[in-house]
Amino acid sequence: MDSDPERFHEERSDLAHDLSELAGRLAPRARRTPSVEVDVSAERGGRLVGSTQTINGRRVMARVAVVDEFDQEVPAGGVGEIVARGPMVFKGYWNRADDNAVTFRNGWHHTGDMGRFDADGYLWYTGRSPAKELIKSGGENVYPAEVEREIATHAAIAEVVVLGVVDPQWGEAIKAVCVCKTGHTVTAKQVIDFVGARIARYKRPKYVEFVHTMPRTAAGTIDRTKVKELHGRA
């Protein structure tokens with residue numbers, strides 16, 4: 091085994107943000123950065139677009155951004171989901187219309203990976219998005235983000251987090267944790283029926299819990315991990 095630290099550094103420097111859904115590397119890593127960083131200076135802040143642009147001799151093939159739960163770009167330092175668009179992004183999953191609707195919403199390919207840009211335009215990977223975690227209920231796969239998107243359109247709902255909970259009948263069931271808008275009320279049954287009328291009925295929540303507020307991260311976004319910790323039971 092070669093123990094030369096300089097050689098080891100060069101080998102580690104080939105790390106990058108790769109996805110099978112992209113034709114190549116989304117964010118090649120710079121050699122001068124720590125091992126957890128990836129160099130996206132060519133797509134800094136998601137602002138550069140075009141398959142013919144080059145920066146430092148590299149062709150820009152995708153636009154990269156970090157967005158919140160409403161697909162709004164977050165400022166440097168804020169954690170959100172890493173999204174991309176451009177000619178290198180694949181066209182979609184074969185015969186999986188529901189998955190495509192979630193993955194490609196609002197014109198972005200949602201990677202399901204969380205990250206943040208630092209002040210120098212480098213992208214830091216922080217983990218997987220809880221919203222991308224599948225709920226497997228009765229043999230059916232359900233994306234929390236899809237159900238959340240529908241519930242969020244209800245006139246009485248201000249915020250919602252959808253998660254999977256242990257269920258004796260289905261193994262895992264869908265639960266919606268909701269905050270109502272000031273001056274509005276809605277019942278659990280109304281929320282369930284609302285979802286069932288808009289998307290496949292097996293994606294309806296089995297349980298609905300109303301809370302006054304959602305826990306927040308330091309960046310001000312909903313702390314989904316804390317929501318699951320507090321309300322992740324049927």
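Heads up: the sequence shown begins at 91 in our numbering, then just goes up one per residue. Virtual Cβ for every residue (Gly too), placed ideally from N, Cα, C. This one's a predicted model, so the numbers in the text were calculated from it and none came from an experiment.
Spatial neighbours of residue i in its chain, beta-carbon cut-off 7 Å, leaving aside the 5 residues before and after
i	result
Ala246	Cys270, Lys271, His274, Thr275 and Val276
Ala42	Examination of residue 42 is not possible in this model, given that the chain is present from 91 through 324 alone.
Glu230	Tyr292
Asp158	Val164, Gly170 and Thr311
Cutoff 6 Å; reference residue i; Cβ partners in own chain excluding five residues on either side
i	result
Gln259	none
Lys226	Glu262
Glu299	Val267 and His321
Paired residues, beta bridge with residue i - DSSP
i	result
Glu163	Val157
Ala174	Val154 and His199
Phe207	Leu213
Arg323	BP columns for Arg323 are empty, so no partner.
Arg306	Ile312
Supposed close pair residue i, residue j - CB separation, criterion 8 Å
i	j	result
Thr193	Ile172	Going by Cβ atoms, the distance from Thr193 to Ile172 rounds to 13 Å, so no, they are not a contact pair.
Gly170	Val179	Their Cβ separation, rounded to whole angstroms, is 18 Å, which puts Gly170 and Val179 out of contact at 8 Å.
Pro295	Lys318	No, Pro295 and Lys318 are not in contact; Cβ-Cβ is about 15 Å, not under 8 Å.
Val301	Val267	6 Å
Arg218	Trp198	Not confirmed; about 17 Å, so no contact.
His321	Val281	No, His321 and Val281 are not in contact; Cβ-Cβ is about 15 Å, not under 8 Å.
Gly205	Tyr215	5 Å
Pair within 8 Å by beta-carbon distance, residue i and residue j
i	j	result
Val251	Ile289	no
Val255	Tyr297	yes
Ala235	Ala166	no
Gly168	Ala309	yes
Contact set for residue i: own chain, Cβ-Cβ below 8 Å, skip 5 residues either direction
i	result
Asn185	none
Lys316	Pro305
Glu223	Pro234 and Gly254
inquiry  = At 3 residues or longer, what runs of the beta strand (DSSP E) sit wholly inside the segment 214 to 301?
reply    = 225 to 227, 230 to 232, 247 to 257, 261 to 270 and 297 to 300
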